[in-house]
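A.B. asks: Have a look at this one before I ask anything.
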Amino acid sequence: MVFKNLMNDYLPLPVDKSACSKWTNSLPNSGETILYTSYLYQLGSVFKSYAKLLERFSSVRFASRLTFLGGLVVRPKKSELERASLILNNIVSLLRESGLEFAYLYDEEPYSGALLLELGLLDEFQTYGRKLLKFFHARGIKRVITVDPHTFNALLRLRTLVNSDLDVVNYLKLVHPKKGKGRFVMHDSCLYSRYLDMGVQVRMVVQGAGVALVENRMVTAQDTSTCCGAPIESINEELSERIAGARAAKLRSVCGDILVACPLCYQNLSPFVKSVRDIAEVVS
Amino acid sequence: MSEEWLLALERTIENNVPRFDKILLDYPQIEEYAERLRRAKLNVLDNLEDYVKKTCESVEKSGGVPHLAKDKDEAREVIKEICGREGVVLFAKTNVALELGLRESLAEDGREVWETDIGEFLIQLAQENPSHIVMPALHLTKERIGTLLHDKLDASVSADSSYEELVASVRNFLFQKYVIAKVGITGANAVAADTGSVVLVENEGNIRMDTVLPRIHIAVTGIDKIVPTLEDAFLEAQVQSAYAGLYPPTYIDVTSGPSSTADIESRKVTPATGPGEFHVVLVDNGRSKANKDPELREALLCIKCGRCYFSCPVYMALGSDWVRPPYGGPTGAMWATIVNGDTRPALLCTHSGGCKVVCPVKIDIPKVLEHIKWLNPKK
């Protein structure tokens with residue numbers, strides 16, 4: 183069903199796209215370089231409860247154009263959209279300060295397909311990936327700036343899986359924030375830290391802005407820090423929550439204020455900690 | 354998992370990680386050994402049939418008896434026949450024996466069977482599954498072990514006994530069995546194709562007892578444990594023990610054939626003091642098939658050090674409930690596919706990635722598990 187939805191509508195579920203793209207109106211809607219949100223910040227809680235939503239939607243017969251389903255369209259929470267708006271606008275400011283110009287696809291923005299990859303649906307991910315590439319090529323897009331680890335990883339995997347020629351870069355590799363405050367324990371994104379070799383870089387961005395990070399060999403090192411459980415939410419919700427609770431307890435033992443670099447980590451850890459912030463909420 | 358599991362796991366990781374850090378600091382050559390070992394093992398996988406043949410020839414040359422078993426049933430039958438119908442059989446914590454269900458199989462026929470590795474012995478007494486490949490009783494706290502021994506073995510110990518008193522209690526019991534045992538069954542950390550030698554790493558001394566005191570020594574292991582040379586086998590022993598967190602190992606045991614002497618007029622006589630029979634049972638059980646899969650074959654490089662367990666949030670949450678023993682944790686999620694055709698454990702991988710960071714032979718475990726996930730819906 184995920185695959186079918188994506189092939190039909192570039193989204194895994196029917197979503198109120200206009201609500202998700204309202205965070206800006208100052209960016210051009212076309213260009214060779216785009217900022218690509220893949221809805222992760224706007225729909226973090228939706229992705230967290232994806233399995234339940236899928237169940238709900240799969241019990242209803244609906245037309246191929248999912249976005250026209252009116253009452254059945256997923257609308258993210260207002261508070262979540264407001265938070266996403268602050269984060270994404272801050273990322274835009276940071277990128278502009280680095281001298282970068284880019285567009286945003288607004289309601290046309292497709293989802294990356296990362297979910298297929300994480301479920302091990304490699305054939306489907308490749309098929310959707312080819313469709314996604316055609317979509318980008320048709321709009322003359324050559325460079326994609328991602329804002330989260332899952333989208334970044336998914337687009338990079340398309341290089342090896344379907345010979346993608348897209349230039350894909352993560353915003354944390356482009357920005358140099360000068361302001362920031364607070365003292366946190368960093369919960370690394372698995373993908374940034376252990377797959378994309380960005381653990382040090384992420385820390386440099388944060389600490390370069392003046393934010394203090396508390397490290398602990400048994401909790402925050404590359405080989406001792408662990409996943410928040412989000413990637414298996416759709417397979418085993420109970421296990422995902424148990425992993426999140428255990429990870430949150432470890433982090434709390436180091437520092438009560440937790441910093442994350444991924445919207446899904448934010449969603450999974452939030453129920454177990456009082457204070458969790460995204461990097462783009464504490465640097466500017 | 355229970356509070357007891359979380360407590361036992363936390364104590365273990367708190368003890369193990371700093372010790373491992375110090376090992377790599379004090380012996381930096383270990384990482385280079387691991388790189389050489391990976392290359393040597395890949396060489397074997399590239400020429401697996403030839404190396405199996407060569408290993409069998411070398412075992413025979415050294416006076417041992419090689420056996421090649423294509424699956425669990427064949428392996429069990431071969432070993433039952435060697436063991437005979439009676440007598441005490443001792444095991445030295447061999448994961449392949451657990452894979453085969455060998456202990457239960459021998460016991461069902463009426464043989465007296467004991468594990469001699471202390472952790473595995475405790476598991477046998479508790480009638481539970483091992484929770485870690487190197488530390489099978491990881492899930493048992495000291496207090497629970499005291500109670501277990503009190504109830505089943507030795508009334509003089511209890512939940513309040515010291516670590517030393519608990520170990521001494523097991524040791525005293527096992528010594529009575531060593532002296533009457535007929536067969537000692539071990540695994541192998543490595544089997545050298547050039548000499549037919551079986552190399553084993555240990556700290557307790559039980560493997561020395563198991564391989565020397567009984568009249569028959571059987572080493573049962575997978576064909577993935579073959580390495581080209583005896584030198585490579587020593588590399589594997591050193592890397593395995595270092596990454597398990599105990600280096601240098603107290604003992605590295607090498608067995609090349611049955612015991613012998615040439616002390617009387619230089620004439621070779623077998624047996625001497627040790628066993629008169631030495632058997633090497635090489636088990637395939639899905640390994641050759643896995644070797645033909647370009648992604649899955651990486652799992653065959655695993656040296657079973659158990660390091661990946663401590664970096665995995667799924668293992669921490671589920672323990673031995675995740676993968677059917679003996680192979681657990683991230684490596685077990687790969688090995689369940691190889692030896693049991695079970696692709697389900699891989700579905701729970703969160704791609705946390707710590708497993709590939711710590712793996713001494715650089716297996717990209719999440720990538721293998723992603724491949725297994727892909728295999729799953731295909732079926």
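Protein chains in written order, with the working numbering: chain Y, 183 to 466; chain G, 354 to 732.
Idealized CB from N, CA, C, for every residue including glycine.
Would you say S705/G lies against chain Y (beta-carbon separation less than 9 Å)?
C.D. replies: Yes, S705/G counts as interfacial toward chain Y.
A.B. asks: By the criterion of Cβ-Cβ separation under 8 Å, what are the contact partners of R376/Y in chain G?
C.D. replies: S705, G706, G707, K709 and V710
A.B. asks: Could you please give me the residues that DSSP links to R365/Y through a beta bridge?
C.D. replies: Answer is A394/Y, bridged to R365/Y.
A.B. asks: Does the stretch 522-540 of chain G come close enough to the stretch 415-426 of chain G that 3 or more CB-CB pairs lie under 8 Å?
C.D. replies: no
A.B. asks: If you run the structure through DSSP and keep just helix, strand and coil, what is I440/Y?
C.D. replies: Residue state, collapsed to three classes: strand.
A.B. asks: Could you work out which residue in R339/Y, V388/Y and V228/Y is closest to V256/Y when comparing CA atoms only?
C.D. replies: Comparing Cα positions, the closest option is V228/Y.
A.B. asks: Which runs of the alpha helix (DSSP H) at least 4 residues long sit entirely within the stretch 371-439 of chain G? Give them in chain order.
C.D. replies: 382-399, 401-414 and 425-436
A.B. asks: Just the C-alpha distance for K394/G and L654/G, rounded to the nearest angstrom, thanks.
C.D. replies: 6 Å
A.B. asks: May I have the straight-line CA-CA distance separating F631/G from I691/G, to the nearest angstrom?
C.D. replies: 28 Å
A.B. asks: Applying a beta-carbon distance threshold of less than 9 Å, which residues of chain G neighbour A428/Y?
C.D. replies: L359, P666, M669 and A670
A.B. asks: Does chain Y have any CB closer than 9 Å to the CB of K726/G?
C.D. replies: yes
A.B. asks: In angstroms, rounded to a whole number, what distance separates the CA positions of R640/G and I718/G?
C.D. replies: Computed Cα separation, rounded: 17 Å.
A.B. asks: Distance, Cα to Cα, T703/G vs C372/Y?
C.D. replies: 9 Å
A.B. asks: Which residue marks the beginning of the alpha helix (DSSP H) containing D563/G, and which one marks its end?
C.D. replies: Its alpha helix (DSSP H) spans residues N559 to V565.
A.B. asks: Mind checking F528/G: buried by the 16 CB within 10 Å criterion, or exposed?
C.D. replies: exposed
A.B. asks: Check this for me: beta carbons of P624/G and S609/G, under 9 Å apart or not?
C.D. replies: no
A.B. asks: Can you list, in chain order, the residues of the stretch 342-371 of chain Y whose Cβ is nearer than 8 Å to any Cβ on chain G?
C.D. replies: none
A.B. asks: Output, in chain order, the set of chain G residues within a Cβ distance shorter than 9 Å of P413/Y.
C.D. replies: C702, T703, H704 and S705
A.B. asks: What separation, rounded to the nearest whole angstrom, lies between the Cα atoms of P679/G and G685/G?
C.D. replies: 8 Å
A.B. asks: In three-state terms, what does DSSP make of F444/G?
C.D. replies: If DSSP states are grouped into helix, strand and coil, F444/G belongs with the strands.
A.B. asks: To the nearest angstrom, how far is the alpha carbon of F317/Y from that of T309/Y?
C.D. replies: Rounded to whole angstroms, F317/Y to T309/Y spans 13 Å at the Cα level.
A.B. asks: Any C-beta of chain Y sitting closer than 9 Å to the C-beta of I366/G?
C.D. replies: Yes, contact with chain Y.
A.B. asks: Could you spell out where the beta strand (DSSP E) holding E468/G opens and where it closes?
C.D. replies: E465 to E468
A.B. asks: Is it right to say H319/Y is buried, meaning 16 or more other beta carbons lie within 10 angstroms of its own, or is it exposed?
C.D. replies: Result: exposed.
A.B. asks: Residues of chain Y with CB closer than 8 Å to the CB of N729/G, please, in chain order.
C.D. replies: G302
A.B. asks: Would you call the stretch 352-359 of chain Y in contact with the stretch 374-390 of chain Y, where contact means no fewer than 3 C-beta pairs closer than 8 Å?
C.D. replies: yes
A.B. asks: Considering just the uninterrupted stretch of the alpha helix (DSSP H) at K709/G, what are its terminal residues?
C.D. replies: G707 to V711
A.B. asks: Considering Cα atoms alone, identify which of E423/Y, L287/Y and V396/Y is closest to G213/Y.
C.D. replies: L287/Y
A.B. asks: Name, going along the chain, the residues of the stretch 675-686 of chain G whose beta-carbon falls closer than 7 Å to a beta-carbon of chain Y.
C.D. replies: none
A.B. asks: Exposed or buried, which one is Q382/G when buried takes at least 16 other CB atoms within 10 Å?
C.D. replies: exposed
A.B. asks: Any idea what DSSP makes of I606/G, helix, strand or coil?
C.D. replies: Here residue 606/G turns out to be Asp, not Ile, going by the sequence shown. Residue state, collapsed to three classes: strand.
A.B. asks: For chain G, check one thing: does any of its Cβ atoms lie closer than 9 Å to the Cβ of R243/Y?
C.D. replies: Because the pLDDT of R243/Y is 46, which lies under 50, any placement of that residue in the model is unreliable, and the question is left without a value.
A.B. asks: Let me check understanding here. Comparing Cα to Cα, which of G472/G, A479/G and R438/G lies closest to R464/G?
C.D. replies: Ranking the options by Cα distance to R464/G, first place goes to R438/G.
A.B. asks: Below 7 Å CB to CB, which residues in the same chain sit around D563/G once its five sequence neighbours on both sides are set aside?
C.D. replies: L443, A445, T469, G537 and T539
A.B. asks: Tell me, to the nearest whole angstrom, how far the beta carbon of V573/G is from that of A450/G; I am working on the premise that it is less than 8 Å.
C.D. replies: Right, their Cβ atoms sit about 6 Å apart.
A.B. asks: Between the C-alpha atoms of A430/Y and V401/Y, what's the straight-line distance to the nearest angstrom?
C.D. replies: 10 Å
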